[in-house]
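This report concerns only the one structure given below.
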DNA sequence: TTCGTGATGTGTATCGGGTACACATTCGCG
DNA sequence: CGCGAATGTGTACCCGATACACATCACGAA
C-alpha cells in the first residue's frame with residue numbers, strides 16, 4: 176500500500192516536482208473536529224503571505240488519489256485509519272496560484288509546475304479533536320483549528336470548497352453516525368445533540384433527539400455520570416462497535432432533520 | 176463561454192494533444208435516457224478493439240471541467256442546455272490504457288500522453304431519448320443506447336463508473352423530478368411510474384405513487400388520453416414550468432423509496 | 001445545612017405522511 | 001357484444017415525527 180516515496184527539499188519540489196507528482200492536479204482536505212461544543216476545521220497559514228488555506232497536497236504518479244488524501248491527512252494530524260469522503264472536484268480554469276497573488280519562493284529560478292492551473296479533488300474527514308497534533312507543512316508556519324463560523328477568507332476558492340464540504344457532510348448525517356468519529360469515546364447526550372445541531376445549523380428537541388438516537392440501538396449508557404457541570408449530572412454514553420456493525424448491516428437511517 | 180478551440184487531426188491529437196489538453200485528466204459522461212419503459216445509457220464502440228466505453232473527453236488547458244463535460248455531451252448527443260451532475264472522481268493508478276489492452280493507432284510513432292495514467296471526473300446527465308442523435312467520436316465506429324441492465328463489459332473501470340452514476344442518480348431522485356428531463360413533454364402516469372421503478376430497481380404501488388406525485392403539484396393533467404393501448408386509455412400529463420419553479424422555491428421533496 | 005437555579009431524565013397525546021388495499025371504469029380485441 | 005387487462009379513484013390503518021410537562025438532581029449561594 177504505502178510505497179516508498181522520494182523526499183524532495185523545497186527547491187527540488189518547485190523545480191522538479193512535476194517529475195514525481197501528477198501535474199495540474201491536487202488534493203484538498205476539509206478536516207472537521209468538535210470541541211467545546213463547536214464544530215472546527217483545520218487550517219494552515221502560509222509563511223509567505225500569512226494567508227490561510229485548507230491542508231492539501233499532490234498525487235504521486237503511481238498513487239491512488241485516495242491514498243494521497245490519506246497521506247495528507249496523516250501528515251497534518253498524525254492520524255491513521257480515518258475515513259475520508261470524496262465530495263467534489265473543483266475545476267475552474269482560474270484556479271491558478273499566480274492569479275491569486277501567490278508566488279513561488281524567490282530562490283526558485285525556473286518556472287514551476289506549482290504555478291500552473293490546478294484541478295483539485297476535495298475530501299472531508301471527521302477526526303477526534305483531542306487526538307490531533309496539528310502539524311504545519313513545509314510552506315506553512317501554523318496549523319490550527321478554526322470555529323466553522325469564524326473561518327477567515329482563504330486562498331483561491333478554498334472558502335467555496337469548505338462550504339461544499341459542509342453541505343456534503345450534512346447530507347451524510349442521515350447515513351452515518353458522525354458522533355462516532357467526532358466525539359471522544361465517552362460522551363453525554365447533550366454533547367451529541369450539540370454536535371448535530373452545529374452541523375445542521377438548527378435547534379433540535381432534546382427529548383425527541385434522545386429518543387431517536389437511542390432507538391438506533393448503537394450505543395450503550397454507562398453507569399458513570401459526567402460531574403463538574405453546575406447542574407444535574409448527565410449520563411455518559413459510548414458507541415458499541417458490535418451493535419453498530421449489526422445495525423449497519425440492516426441499513427441504518429440517521430435521518431435527523 | 177465557448178472559446179475557439181484548435182481542431183486536431185488524429186495524429187496531432189496523439190502526438191501533441193498534451194499541448195492543448197490537461198494531461199492525466201479526463202471527463203466521462205454517463206448519459207441516461209428512457210425509452211420503451213427501459214432506462215438506457217449511451218455508449219461508444221471503439222474502432223480499434225470493438226469494445227464499448229462511456230463517452231468521454233479531455234479538458235482544454237483553459238477550460239472549466241464542467242464546460243468540458245458539456246462539450247462532450249453536445250458532441251455525442253447534439254443537445255445543449257442539459258443539466259450535468261458531477262458525481263465522483265476516479266483515481267486508481269491502474270487507470271492507464273496500456274494496462275487494459277488499449278493501444279494507440281499504429282501510425283502514431285511517438286509516445287503518447289494518451290497512454291498515460293488518467294484520473295477521470297464522472298458526470299451524469301438526463302436527456303430526452305427522442306431528441307438525441309447519437310454521434311460517434313473520432314475513435315469510435317458506433318454510438319448507441321443500451322438498456323441499463325444489458326450493458327456489456329466496458330473498457331477500464333467504466334462499468335464501475337456507470338454503477339456509481341446510477342447510485343448517485345438514485346440519491347438525486349429525492350431532490351429532483353427526473354421525469355422532467357427523461358420523458359417527452361407529454362407522458363402518462365404509468366410511464367412516469369415505470370421510470371421511477373427502473374431507476375429505483377423495485378416496484379411501487381400504483382395508487383400511492385400517483386397520489387404522491389400529484390401532491391407535489393408540479394404537473395397538470397391534460398384533457399387528452401393516450402389511445403392505442405389495448406386497455407383503458409390513460410390521461411396525459413405535462414410538467415408545468417411555473418408550478419415547478421414555485422415548488423422548488425419552497426424546497427421540494429421527491430422522496431420515493 | 002438548606003434552598004434556588006437550571007439543566008437533565010423520562011413519558012404521553014397528537015399529527016401527518018406512508019402503506020395497504022378494493023371497486024368501478026373503459027379501451028381494444030376476439 | 002362481452003371479456004380481459006390496465007387505468008381512475010377513495011379509505012382505513014400504522015408508525016414515525018413532533019409537541020409538550022413534570023420529576024430529578026448537581027452545584028453554588030445564602
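Protein chains in written order, with our numbering: chain A, 176 to 432; chain B, 176 to 432. All C-beta atoms in this analysis are idealised placements derived from N, C-alpha and C, irrespective of residue type, glycine included.
query: Residues bridged to residue 155/B (per DSSP); result: Nothing can be reported for residue 155/B: it is not among the residues displayed for chain B, which extend from 176 to 432.
query: Endpoints, alpha helix (DSSP H) assigned at residue 419/A; result: 416-424
query: Beta-carbon separation (whole angstroms), residue 234/B vs residue 196/B, contact threshold 8 Å; result: 6 Å
query: Any 3 or more C-beta pairs closer than 8 Å across the segment 323-331 of chain A and the segment 204-220 of chain A; result: yes
query: Chain A contacts from the segment 386-404 of chain B (Cβ-Cβ distance under 7 Å); result: none
query: Residues from the segment 289-303 of chain B in contact with chain A, defined by Cβ distance under 8 Å; result: 292, 294 and 296
query: Selection from 394/B, 335/B, 347/B and 341/B that minimises the alpha carbon distance to residue 364/B; result: 394/B
query: Euclidean distance between Cα positions of residue 226/A and residue 346/A; result: 30 Å
query: Residue 215/A, enclosing beta strand (DSSP E) - first and last residue; result: 213-221
query: Residue from 206/B, 187/B, 260/B and 207/B with nearest C-alpha to residue 350/B; result: 260/B
query: Candidates 338/B, 318/B and 289/B, of which the one nearest residue 247/B by Cα; result: 318/B
query: Beta-carbon proximity check, residue 271/A vs residue 292/A, cutoff 8 Å; result: yes
query: Spatial neighbours of residue 245/B in its chain, beta-carbon cut-off 7 Å, leaving aside the 5 residues before and after; result: 259
query: Contact check, residue 344/B vs residue 323/B, beta carbons under 8 Å; result: no
query: Chain B residues whose Cβ lies nearer than 9 Å to that of residue 240/A; result: 264, 265, 266, 267, 268 and 294
query: Contact residues within the segment 189-208 of chain A, judged by C-beta distance below 9 Å to chain B; result: 197, 198, 199 and 200
query: Whole-angstrom distance between residue 223/B and residue 231/B, CA atom to CA atom; result: 16 Å
query: Neighbour-count burial assignment, residue 124/A, 16 or more Cβ in a 10 Å radius; result: The displayed coordinates of chain A run from 176 to 432. Any statement about residue 124/A would go beyond what the structure contains.
query: Distance, residue 340/B Cα to residue 362/B Cα; result: 25 Å
query: Nearest-angstrom Cβ-Cβ length linking residue 356/A and residue 297/A, presumed shorter than 8 Å; result: That belief does not hold up - the Cβ atoms of residue 356/A and residue 297/A are roughly 18 Å apart, past 8 Å.
query: Chain A contact for residue 236/B (CB, 8 Å cutoff); result: yes
query: Cβ pair count under 8 Å reaching 3, the segment 331-340 of chain B against the segment 199-214 of chain B; result: yes
query: Residue 368/B at chain A interface by Cβ criterion, 8 Å; result: no
query: Partner residues on chain A for residue 425/B, Cβ-Cβ distance less than 9 Å; result: Residues of chain A passing the Cβ test: none, with the nearest at roughly 15 Å.
query: Beta carbon proximity, residue 260/B to chain A, threshold 8 Å; result: no
query: Residue(s) in a DSSP beta bridge with residue 322/B; result: 215/B
query: Beta-ladder partner(s) of residue 202/A, from DSSP; result: 232/A and 296/A
query: Buried or exposed by the 16-neighbour rule on C-beta atoms within 10 Å, applied to residue 201/A; result: buried
query: Pairwise C-alpha distance: residue 314/B and residue 314/A; result: 44 Å
query: Bridge partner(s) assigned by DSSP for residue 304/B; result: According to DSSP, which records beta bridges pairwise, residue 304/B is partnered with nothing at all.
query: N-terminal and C-terminal residue of the beta strand (DSSP E) that residue 264/B is part of; result: 259-265
query: Residue 187/A versus residue 288/A - alpha carbon distance; result: 11 Å
query: Coarse secondary structure for residue 343/B, derived from DSSP in three states; result: helix
query: For residue 371/A, the three-state DSSP class (helix, strand or coil); result: helix
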